[in-house]
Each structure stands twice: as structure tokens, then as C-alpha cells.
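Numbering (numbering that gives the first Met the number 0), first residue to last: 0 to 122. Okay, structure first, notes after.
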Amino acid sequence: MSDDVEWVDEEAGPVVRPYALTGGRTSTSSAAFDLLSMVVATGSAVSASSHLGSEHRRLLGLMRRTRPIVEIASDVGLPIGVIRVLLGDLLDQGLILVRSPLPAATSPAESLLKEVISGLRAL
């Protein structure tokens, strides 16, 4: 059987439970991924001894351009916890790069907001 088989029954949905995709693991050996962390494939060759499953390879195909983790989870249709474990496997093997989200911008000064409101009212 090839690794490219998709384990989905059209009527029943996924045949393999999400915990089976991760081998029962619920956390990664890497740092926790934020939902808005940006992920991209490094383009490194996958070694024959890497033991990547079809879902790992599917994720690599989706990460040819930089994307947030939450968007990848949405496209794949798997729970975010499963995506984090699978991405942790790929990160451990050096197949992806992860960039943490930028810190939230500081709030603008109250005086600036008042000026904007005044300007809008003047229109």
C-alpha cells in the first residue's frame, strides 16, 4: 500500500481517528506553536528514514508558501492539536521553518483617536 492513500470514506468521513495520525501523542518535543505562527517548508529533501506519513507529506505540500498554522489546519480539516503534533515532527526533522507572530501593536494614544473621530465628524 502506498503512503499517498487518503484515509477518507466519502459517506463516513475520516476512517482514521486524529489520535492515530499522531501515534497517540498530544504534544510536541518542540516549543508550542501559536495559532498565528507562520510556517513554511524549507525545501530540504525528505530522507528515506524519516518515516513520514501521508499527512506529513500533505502538510509539506501546503507549506510551499508561508502560511499561518490556523489556515493550514482549516485547509486540511484536522484539529489544531493534531496539526501542532505533525508540524512538530516536521520541525524536528528540519523540514519546516516557524516564525512566531509579531507582537501586538501598542494602542494608539487617546488624543490621536479623538482627532480621528473629530476629523470623521467634520466630513
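The beta carbon of each residue, even a glycine, is placed where N, CA and C say it ideally should be. Model, not experiment: these values are computed from the prediction.
Under the three-state DSSP convention, the category residue i falls into
{"i": "V97", "result": "strand"}
{"i": "V115", "result": "helix"}
{"i": "V69", "result": "helix"}
Residue i versus residue j - alpha carbon distance
{"i": "V81", "j": "I68", "result": "11 Å"}
{"i": "E109", "j": "L119", "result": "15 Å"}
{"i": "S99", "j": "I116", "result": "34 Å"}
{"i": "L90", "j": "D74", "result": "20 Å"}
{"i": "P102", "j": "G42", "result": "28 Å"}
{"i": "A44", "j": "R56", "result": "12 Å"}
{"i": "H50", "j": "M37", "result": "24 Å"}
{"i": "E70", "j": "L94", "result": "19 Å"}
Selected residue, minimal CA-CA separation from residue i, among the options
{"i": "S66", "options": "S117, A40 and L111", "result": "Here residue 66 is Arg; the residue named in the question, Ser, does not match the sequence. Per the Cα distances, A40."}
{"i": "S53", "options": "L85, L90, R98 and P102", "result": "L85"}
Cβ separation of residue i and residue j, assumed to be a contact under 8 Å, to the nearest whole Å
{"i": "L34", "j": "I79", "result": "7 Å"}
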